[in-house]
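Encoded as structure tokens, the structure appears first; notes follow it.
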């Protein structure tokens, strides 16, 4: 069975080794993992607004890492040593008015020297939104991060979410890309989680087989990074070998579409860079779509803008092989 290895020199026919895994995976601490364009933009946003923000709205699908991005913002600010207080706003509607007021105030008080993270604000009832707005107006120095899976601007325009609350929360907006539009980050994320869980459970697995990585690359990831984390968690628990294979990915539900080209799966070169593998796949799909970039983006499960960025960054060697 052909396998690939990740080393400082690139790919070698061995396995995806743990060398180069982010250090935070070893410490079991959250980390913004990935070097694709979406993650680079996110890190730049955090660096720019982290020290100065008062209110930020983070939007992203379930499992994209909204709380993780919030914690990164908190860590970049001038109150990083203070508490990061998480409020699951959906629970507020289950309380009577008195208890709800008490909870909002107590959390705001606890986060006064840190950051208040409001999880899932789209689920807040109108009355709870009104109380939240009043609290934010009264505590002008409070650093607040709100997260949502929905487009609050659309909900506000439709009268489902309060306009005044939306404008108060969305002074700065950050949008997290779904994992299907961050295909280039999947190998790095997979190795990050593999390293975390193999150390946690003291398992012998040290890499990911080629066919297993192919399945990870082709999957659409409706549950995003959280789903990938769960798949690697269960895979490491099941694996009794040195390399994690497809039989260890039983928790990977759904059918992946498309196939990777044979030269990607069985490279002739003893050393192949990860970026070359991705570049060749992108260029092959584009060729099979007769150069139609819109169709190629759909097949790849990424946006057209992401495809354009990937094509701009394609290596000359990979492009030459597709001519």
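In my numbering, the protein residues as written are -7 to 315. In this text, a Cβ means the ideal position worked out from N, Cα and C, and glycines have one as well. Model, not experiment: these values are computed from the prediction.
Judged by their CB atoms, residue 241 and residue 210 are not nearer to each other than the 9 Å cut-off. Using a Cβ distance threshold of 9 Å, residue 154 and residue 121 count as a contacting pair. In the structure shown, residue 41 adopts helical secondary structure according to DSSP, grouped into three states. Secondary-structure assignment with DSSP links residue 65 through no beta bridge to anything. Inter-residue distance for residue 41 and residue 157 is about 21 Å (C-alpha atoms, whole angstroms). In the three-state reduction of the DSSP assignment, residue 156 falls in the helix class. Under the three-state reduction of DSSP output, residue 232 falls in the coil class, being neither helix nor strand.
The continuous stretches of alpha helix (DSSP H) do not include residue 211, and DSSP gives it neither H nor E. Secondary structure in the segment 92 to 168: the beta strand (DSSP E) runs of 3 residues or longer, each lying completely within the stretch, are 107 to 111, 136 to 140, 165 to 167 in chain order. For residue 116 against residue 108, the beta-carbon gap comes to about 14 Å, at or over 8 Å, which does not count as contact.
The criterion of a C-beta distance shorter than 9 Å is not satisfied by residue 112 and residue 216. Contact between the segment 126 to 144 and the segment 170 to 184 is not established, with fewer than three Cβ pairs separated by less than 8 Å.
At least 9 Å separates the beta-carbon of residue 238 from that of residue 230.
Around the CB of residue 58, 16 or more other CB atoms lie within 10 Å, so the residue is classed as buried. Rounded to the nearest whole angstrom, the CA to CA distance from residue 233 to residue 270 is 27 Å.
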